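> The structure under discussion is supplied below as structure tokens; questions concerning it will follow.
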Amino acid sequence: MIELKTRSEIDRMHVAGRFVAAVLTELAGRAEVGVNLLDLERHARAMITERGAESCYWDYSPSFGRGPFRNVVCLSVNDAVLHGLPHDYVLRSGDVLSMDLALGIDGWVADSALTVIVGEPAEEDVRLVRASEEALAAAVAAAQPGQRLGDVSAAIGAVAARHGYPVNLEFGGHGLGRTMHEDPHVSNDGRPGRGLVLRPGLTLALEPWFARTTDRIVYDPDGWTIRSADGSRTTHSEHTIAVTEEGPLVLTRRDDEVAA
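In the UniProt record's numbering, the protein residues as written are 1 to 260.
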């Protein structure tokens with residue numbers, strides 16, 4: 001079931017979205033050479049507790065995971081791209097770190113992710129990260145009222161194709177609002193002009209993610225961390241948006257981002 005939100009409800013999701021953006025900005029600033037992933041997790045927990053927010057990940061128990069996630073942020077390094085379980089790992093120069101955060105405030109949820117490069121970046125990693133950011137911007141721009149969900153998916157797929165990156169269709173974006181995952185599923189590739197008509201009040205998490213040279217994935221023994229099957233570097237970008245009469249509204253935009 002798809003629930004269209006009122007403008008007041010979107011405003012409440014925007015409160016959660018601004019805080020998600022603030023936490024990710026803080027973590028990105030702390031992601032330096034020599035920093036342990038567990039320190040980033042602890043800092044995110046402290047910020048969430050102080051704000052009185054609620055982590056969407058703490059009790060997250062999908063079919064593929066081994067028990068509840070029991071952390072508040074997904075931290076995925078290099079060939080890891082989704083659901084990275086925070087663990088005892090010290091960041092090194094050149095590491096590609098994806099951070100994914102979803103939380104709720106007063107019953108309304110927002111979800112966002114960004115990828116940063118620690119220390120000295122490799123040019124091919126810079127291109128990869130920028131491609132997912134470009135794909136996210138294209139998806140947001142396509143989320144106009146009256147357009148179709150396939151237009152959003154096709155916008156992501158077109159960017160991936162232009163850069164030569166394969167696209168995995170097992171995981172993608174999703175609806176959200178009262179909970180972290182709601183209908184509809186948003187594939188990271190698709191056919192324009194197909195699928196659900198985008199109506200004002202629809203709220204979506206759009207999240208293009210790519211691996212450099214494969215569309216296949218494997219899981220770590222922890223049951224959570226998803227990696228590229230060939231070990232190639234990965235990237236993940238995500239925003240929560242609302243479709244409005246005036247066009248798409250990004251609810252998790254960070255202060256360092258330029259508004260579209």
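All C-beta atoms, glycine included, are put in the ideal place defined by N, C-alpha and C.
Bear in mind that the values here come from a model prediction, so they are computed numbers and not experimental data.
Kindly list the residues whose CB is nearer than 6 angstroms to the CB of M85, restricted to its own chain and excluding five residues on each side of it in sequence; keep chain order.
Along the sequence shown, one-based indexing puts residue 85 at 85. One point to set straight first is that residue 85 is Leu, not Met, in the sequence displayed. The residues are D222, W224, T225.
> Starting from the N-terminal side, write out each stretch of the beta strand (DSSP E) that is 3 residues or longer and does not extend beyond the stretch 210-243.
The qualifying runs are 217-219, 226-228, 234-236.
> Taking T240 and T252 to be in contact with their CB atoms under 8 angstroms, please state how far apart those CB atoms are, rounded to whole angstroms.
On the sequence shown, residue 240 is found 240 positions in, with the first residue counted as 1. On the sequence shown, residue 252 is found 252 positions in, with the first residue counted as 1. Indeed they touch by this definition, with Cβ atoms about 5 angstroms apart.
> Note down, in chain order, each residue of its chain lying with its Cβ closer than 8 angstroms to the Cβ of P166, except the 5 sequence neighbours on either side.
If you number the sequence shown from 1, residue 166 lands on position 166. Once the five neighbours on either side are set aside, the close Cβ partners of P166 are A160, F210, A211, T213, T214, D215.
> Within a Cβ cutoff of 6 angstroms, which residues of the same chain sit near S76, ignoring the five residues on either side of it in sequence?
As a first step, residue 76 is located in the sequence shown; it is residue number 76 there, counting from the start. The residues are G84, S98.
> On the CB-based measure, 16 or more other CB atoms within 10 Å of its CB, does E238 come out buried or exposed?
Against the sequence shown, residue 238 aligns to sequence position 238. When all chains shown are included, E238 counts as buried.
> Is it the case that the Cβ atoms of R194 and R148 are separated by a distance below 7 angstroms?
For this step, residue 194 is matched to residue 194 along the sequence shown. For this step, residue 148 is matched to residue 148 along the sequence shown. Their beta carbons are under 7 angstroms apart, which means R194 touches R148 by this criterion.
> Label V218 either buried or exposed according to how many other C-beta atoms from any shown protein chain fall within 10 Å of its C-beta, with 16 as the threshold for buried.
Translated into the one-based positions of the sequence shown, residue 218 becomes position 218. Classification for V218: exposed.
> Would a C-beta distance cut-off of 7 angstroms place L103 and C56 closer than the cut-off?
The count along the sequence shown starts at 1 and reaches residue 103 at position 103. The count along the sequence shown starts at 1 and reaches residue 56 at position 56. In contact: L103 and C56 (Cβ atoms closer than 7 angstroms).
> Determine whether the beta carbon atoms of L53 and V116 lie at a separation below 7 angstroms.
Within the sequence shown, residue 53 is the residue found at index 53, counting from 1. Within the sequence shown, residue 116 is the residue found at index 116, counting from 1. Note on identity: in this sequence residue 53 is Ala, with Leu being the wrong assignment. No, the Cβ-Cβ distance between A53 and V116 is not below 7 angstroms.
> Could you pull the start and end residues of the beta strand (DSSP E) that A113 belongs to?
In the sequence shown, the residue the question calls residue 113 occupies position 113. Note, A113: beta strand (DSSP E), 108-117.
> Give me the Cα-Cα distance between R178 and V126, rounded to the nearest whole angstrom.
As a first step, residue 178 must be located in the sequence shown, where it is residue number 178. As a first step, residue 126 must be located in the sequence shown, where it is residue number 126. In a straight line, the C-alpha of R178 is about 35 angstroms away from that of V126.
> Could you give the residue range of the alpha helix (DSSP H) that holds S8?
Sequence index remark: in the sequence shown, residue 8 carries index 8 (1-based). It spans 7-30 - the alpha helix (DSSP H) in which S8 sits, taken as one unbroken run.
> For R45, I'd like the list of residues in its chain whose CB is within less than 7 angstroms of its CB, leaving aside the five on either flank, ordered along the chain.
On the sequence shown, residue 45 is found 45 positions in, with the first residue counted as 1. Around R45: V72.
> Per DSSP, which residues does N36 bridge with? Please list them.
Translated into positions along the sequence shown, residue 36 becomes position 36. Looking at the DSSP assignment, N36 forms a beta bridge with V90.
> My output table needs one value for L196: the three-state DSSP class, helix, strand or coil.
Counting from one through the sequence shown, the residue named residue 196 turns up at place 196. In the structure shown, L196 sits in coil (DSSP, three-state: anything other than H, G, I, E or B).
> I need the DSSP call for G146, collapsed to helix, strand or coil.
To locate residue 146, count along the sequence shown from 1; it is residue 146. Reduced to three states, the DSSP call for G146 is coil.
> Buried or exposed: where does T6 fall if 16 or more other Cβ atoms within 10 Å of its Cβ makes it buried?
Here the question's residue 6 lines up with position 6 in the sequence shown. The residue in question, T6, is exposed, as its Cβ has fewer than 16 Cβ neighbours within 10 Å.
> Roughly how many angstroms lie between the CA atoms of V15 and I105, to the nearest whole one?
As a first step, residue 15 is located in the sequence shown; it is residue number 15 there, counting from the start. As a first step, residue 105 is located in the sequence shown; it is residue number 105 there, counting from the start. When rounded, the distance between both Cα atoms is 7 angstroms.
> So the candidates are H43, A139, G17, L176; which of them puts its Cα closest to the Cα of P192?
Looking up residue 192 in the sequence shown gives position 192. The residue with the shortest Cα to Cα distance from P192 is A139.
> Compute the distance between the beta-carbons of V23 and A110, then report whether it is under 7 angstroms.
For this step, residue 23 is matched to residue 23 along the sequence shown. For this step, residue 110 is matched to residue 110 along the sequence shown. Result no, Cβ atoms of V23 and A110 do not sit closer than 7 angstroms.
> Going by DSSP, which residues form a beta bridge with T203?
On the sequence shown, position 203 is the one that residue 203 refers to. In DSSP, T203 forms a bridge with A242.
> When we look at the beta-carbon of D100 and count the other beta-carbons within 10 Å, is it buried (16 or more) or exposed?
Translated into the one-based positions of the sequence shown, residue 100 becomes position 100. Buried, because 16 or more other Cβ atoms sit within 10 Å of the Cβ of D100.
> On the three-state DSSP scale, how would you describe L136?
Counted from its first residue, the sequence shown places residue 136 at position 136. The answer is helix: DSSP assigns L136 an H, G or I state.
> Return helix, strand or coil for M99, following the three-state DSSP convention.
Here residue 99 refers to the residue found at position 99 of the sequence shown. Residue state, collapsed to three classes: strand.
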